[in-house]
Structures are given as C-alpha cells and as structure tokens.
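*Asks:* Please see the structure below; I have some questions.
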Amino acid sequence: MFDFFKKKTEKTPALQAVETPRDFTNSIGMEFLYIDGGEFIMGSNPQYCEGGDVESPAHSVKLNGFWIAKYPVTQEQYFKLTRVNISFFKNNKVEEESSRYHPAEQVNWFDAKAYTELLNRYEGKKRFYALPTEAQWEYVAKAGGNTRFTFGDSEAQLDDYAVYEYSVNSRTAVVGSKLPNRLGIYDLLGNVWEWCEDDFFANYNNAPNDGSARIGGKERESFKVRRGGSYKTGYLCLRSAFRGYSRPDLVSNDIGFRLVINGNPLIV
C-alpha cells in the first residue's frame with residue numbers, strides 16, 4: 028500500500044560525471060594533449076623591452092580548443108610513413124635506440140607539409156592533422172601567462188627545460204629529455220626549430236585574431252615561420268614570443284616540426 032507515493036519520493040541516483048579524455052595516441056604512436064581554447068596576448072611583453080617590431084604590436088587572440096603533439100615528430104615516426112630517415116643525427120638504422128627517439132630534422136617546410144598529408148591519408152582523414160599556426164604555437168608556449176619563457180621570466184632555469192647551445196654537445200637530444208611546460212608539452216624550447224603554417228610578416232599589423240594562419244596578402248614574403256629555437260641557438264631565441272623564419276625549402280639539421288589536430292580524434 029502507498030507504493031505509488033514511495034516511488035515518487037525516492038531519490039534517483041545522481042549520474043557520475045564522465046571526464047572527457049585529455050590525451051590521444053594515434054596509429055603510429057604520436058601522443059597528443061587537448062588544449063582548451065581561450066584568449067591570450069600574442070607578441071612580446073612590452074615590459075621586457077625585447078623583440079622589436081617583428082614581435083609587435085602585442086595583440087589579443089582568441090582560439091578554439093585543439094590537440095597538439097606532446098613531442099616533435101621523431102625519426103622513428105617519420106620513417107614509419109616515408110620509409111626514409113633524412114635526419115643528420117642518426118645511425119645506419121632508424122630502429123637503433125640511440126636515434127629513433129631523436130627529433131626528425133633536415134625537414135624543410137614542404138617536407139613537413141607532405142608528411143602531414145601522408146599521415147592524413149594513412150589514417151583516412153581530411154585536413155585533420157596540420158602544422159600548428161603561429162598563434163597556436165605561442166598560445167601553448169605561454170601556457171596561460173605572458174612570461175618570457177614557457178616556465179617563467181628567468182633564463183636561470185633554462186637548463187631544466189631546454190636543449191640549447193649551452194646545455195648540449197652540439198647535437199639534438201632524445202625528445203622529452205627535459206621538463207615539459209605547464210600544459211605537459213615537451214621540447215618547446217630548443218632541440219629543433221618547429222615549422223608553423225604561417226607565412227612570415229615583418230610585424231603583427233593586421234594579423235588575424237582568431238588563431239588562424241596568416242597566409243598571403245600584400246605584405247607576403249617568401250618565408251615561413253619557425254618557432255622555439257634549437258640546440259644551436261642562444262637563450263633569446265627560446266623566448267615564447269621569438270619568431271624565427273626562413274625560406275620554406277631550407278634544410279638544416281636543427282629544423283623539425285610537430286603536429287596539431289584541429290578535429291576531434293575521439294570521434295570514430
């Protein structure tokens with residue numbers, strides 16, 4: 028008796044919150060982390076009086092969320108798809124432990140783009156994997172702040188985070204051998220320069236404010252942006268706002284790349 032009333036007053040158990048995964052590993056072993064969208068100030072912080080016109084004017088950029096590789100593309104990952112290892116710092120076989128986890132280098136911008144398209148085809152995707160835009164790269168490097176380096180303002184900590192001219196023996200290092208930034212991304216500082224999607228412009232006048240790549244236009248130069256410095260560079264090139272650039276056909280043993288995903292890899 029009165030069961031009807033009992034059912035009405037019984038509490039329904041609360042549904043347990045399911046946390047959306049923040050990490051993803053693709054078919055060839057690349058690890059990605061999800062970066063929440065947000066707004067940040069792109070360009071050098073005026074209080075440091077460095078960077079000049081090429082990093083100015085500082086401007087607000089608002090990005091959607093995206094996935095970024097935890098590490099630069101390694102020699103092993105490059106070899107898996109291309110069946111060649113074009114890197115300078117390698118042994119005779121890419122399978123050897125001492126070279127397989129080093130970043131792929133001697134990769135020009137066209138090579139990086141071709142590899143990206145090859146990976147998309149390999150996984151049956153379309154415009155899924157991409158080179159990071161310059162804004163995406165700097166957004167990750169600044170990790171929610173506007174400090175000189177991805178970890179803070181003082182170069183005194185660089186040896187813990189960066190493979191650069193004062194910390195290595197004139198060569199690349201295994202990826203992940205230094206500390207990650209606050210978002211859990213490794214090798215943003217040094218080791219190898221990382222190609223971005225963008226054409227290089229001499230300043231940020233009329234730059235997009237939505238995180239998209241800046242391509243073409245009247246000011247277009249025959250150069251592409253690269254970020255992060257390398258094992259050859261000094262500490263000033265490791266600043267979060269520092270902009271490197273070169274011709275897209277440049278091949279050097281200190282230039283590599285990392286990838287982003289602009290879709291949702293968790294949807295099959």
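For the sequence shown, this note's numbering assigns the number 28 to the initial residue and increments by one for each residue that follows.
Glycine included, C-beta positions come from ideal geometry on N, C-alpha and C.
With a threshold of 8 angstroms, are at least 3 pairs of Cβ atoms found where one atom belongs to the segment 280–289 and the other to the segment 134–146?
*Replies:* At 8 angstroms Cβ cutoff, the stretches touch.
*Asks:* So, does the segment 95–107 touch the segment 73–86, judging by three or more C-beta pairs under 8 angstroms?
*Replies:* These segments do not touch.
*Asks:* Please classify Arg253: does DSSP put it in a helix, a strand, or coil?
*Replies:* Counting from one through the sequence shown, the residue named residue 253 turns up at place 226. It is a strand residue.
*Asks:* Under a Cβ-count criterion, where at least 16 other Cβ atoms within 10 Å of its own Cβ denotes burial, should Ile294 be classed as buried or exposed?
*Replies:* As a position in the sequence shown, residue 294 is number 267, starting the count at 1. Ile294 comes out exposed.
*Asks:* How big is the Cα-Cα spacing for Gly256 and Pro292?
*Replies:* Taking the sequence shown and counting its residues from 1, the one referred to as residue 256 is at position 229. Taking the sequence shown and counting its residues from 1, the one referred to as residue 292 is at position 265. If I take the Cα positions, the gap works out to 29 angstroms.
*Asks:* Per DSSP, what are the beta-bridge partners of Ile62 in this structure?
*Replies:* In the sequence shown, the residue the question calls residue 62 occupies position 35. Answer is Phe93.
*Asks:* Out of Pro235, Thr174 and Gly92, which one is the CA nearest neighbour of Ser27?
*Replies:* Because the chain spans 28 through 295 in this model, residue 27 falls outside it and cannot be assessed.
*Asks:* Per DSSP, what kind of secondary structure is Tyr258 in: helix, strand or coil?
*Replies:* The residue labelled residue 258 in the question sits at position 231 within the sequence shown. Coil.
*Asks:* What do you reckon, are the CB atoms on Ala189 and Leu265 nearer than 7 angstroms?
*Replies:* As a working note, residue 189 is residue 162 in the sequence shown. As a working note, residue 265 is residue 238 in the sequence shown. Yes, Cβ-Cβ distance for Ala189 and Leu265 is below 7 angstroms.
*Asks:* Given this structure, state the Cα-to-Cα distance separating Asp214 from Ala183, to the nearest angstrom.
*Replies:* Walking along the sequence shown from the start, residue 214 turns up at place 187. Walking along the sequence shown from the start, residue 183 turns up at place 156. Whole-angstrom Cα-Cα distance: 17 angstroms.
*Asks:* Candidates Arg274, Val81 and Phe106: which alpha carbon is nearest Ser126's?
*Replies:* On the sequence shown, residue 126 is found 99 positions in, with the first residue counted as 1. Closest option to Ser126, Cα to Cα, is Phe106.
*Asks:* Per DSSP, His86 is paired with what?
*Replies:* As a working note, residue 86 is residue 59 in the sequence shown. DSSP lists Met69 as partners of His86.
*Asks:* Measuring CB to CB, does Ser194 end up less than 7 angstroms from Asp186?
*Replies:* Numbered from 1 along the sequence shown, position 167 holds the residue referred to as residue 194. Numbered from 1 along the sequence shown, position 159 holds the residue referred to as residue 186. For Ser194 and Asp186, yes; Cβs fall inside 7 angstroms.
*Asks:* My understanding is that Arg209 touches Phe228, with C-beta atoms under 8 angstroms, so please give their C-beta distance in whole angstroms.
*Replies:* Numbered from its first residue, the sequence shown carries residue 209 at position 182. Numbered from its first residue, the sequence shown carries residue 228 at position 201. In fact, because the Cβ distance is near 29 angstroms, the residues do not count as touching under 8 angstroms.
*Asks:* To the nearest angstrom, report how far apart Thr36 and Tyr61 are at their CA atoms.
*Replies:* The sequence position of residue 36 within the sequence shown is 9, counting from 1. The sequence position of residue 61 within the sequence shown is 34, counting from 1. Any reading at Thr36 must be qualified, since the residue scores a pLDDT of 42, below 50, and its modelled position is unreliable; the value itself is stated next. Thr36 and Tyr61: Cα-Cα distance of roughly 42 angstroms.
*Asks:* Check each candidate in Arg148, Gly179 and Thr143 and name the one with the smallest Cα separation from Cys223.
*Replies:* Working through the sequence shown from its first residue, we reach residue 223 at position 196. Nearest option by C-alpha distance: Thr143.
*Asks:* Inspect the beta-carbon positions of Gln104 and Asn112 and report whether they are closer than 7 angstroms.
*Replies:* Along the sequence shown, read from residue 1 onward, the residue named residue 104 stands at position 77. Along the sequence shown, read from residue 1 onward, the residue named residue 112 stands at position 85. Not in contact: Gln104 and Asn112 (Cβ atoms no closer than 7 angstroms).
*Asks:* Measure the C-alpha to C-alpha separation of Phe51 and Val287 and round it to an integer number of angstroms.
*Replies:* Within the sequence shown, residue 51 is the residue found at index 24, counting from 1. Within the sequence shown, residue 287 is the residue found at index 260, counting from 1. In a straight line, the C-alpha of Phe51 is about 12 angstroms away from that of Val287.
*Asks:* Could you say which of Arg49, Asn147 and Val88 lies nearest to Phe155 if we only look at CA atoms?
*Replies:* Within the sequence shown, the letter at position 128 stands for residue 155. Nearest C-alpha to Phe155: Asn147.
*Asks:* Taking only three categories from DSSP, how would you classify Leu293?
*Replies:* The count along the sequence shown starts at 1 and reaches residue 293 at position 266. In the structure shown, Leu293 sits in coil (DSSP, three-state: anything other than H, G, I, E or B).
*Asks:* Using the Cβ count rule (16 or more neighbours within 10 Å means buried), how would you classify Asp225?
*Replies:* Taking the sequence shown and counting its residues from 1, one reaches residue 225 at position 198. Asp225 comes out buried.
*Asks:* Only counting the same chain, and skipping five residues up and downstream in sequence, which positions put a Cβ closer than 8 angstroms to that of His86?
*Replies:* Along the sequence shown, read from residue 1 onward, the residue named residue 86 stands at position 59. Answer for His86: Ile68, Met69, Gly70, Tyr231, Ala234 and Asn236, listed in chain order.
*Asks:* Suppose the cutoff is 7 angstroms on Cβ atoms and the five residues either side in sequence are ignored; what does the same chain contact list for Phe93 look like?
*Replies:* In the sequence shown, the residue the question calls residue 93 occupies position 66. Within the same chain, Phe93 has close Cβ partners Ile62, Gln163, Val287, Ile288 and Asn289.
*Asks:* DSSP three-state call for Cys223: helix, strand or coil?
*Replies:* Residue 223 sits at position 196 when you count from the first residue of the sequence shown. Strand.
*Asks:* Taking C-alpha atoms, which residue in Ala268, Glu192 and Tyr128 lies nearest to Gly296?
*Replies:* Here the chain comprises residues numbered 28 to 295, so residue 296 is not present and cannot be evaluated.
*Asks:* Distance cutoff 7 angstroms, beta carbons only. Does Pro99 sit that close to anything in chain D?
*Replies:* Of the protein chains in this structure there is only one, and it is not chain D.
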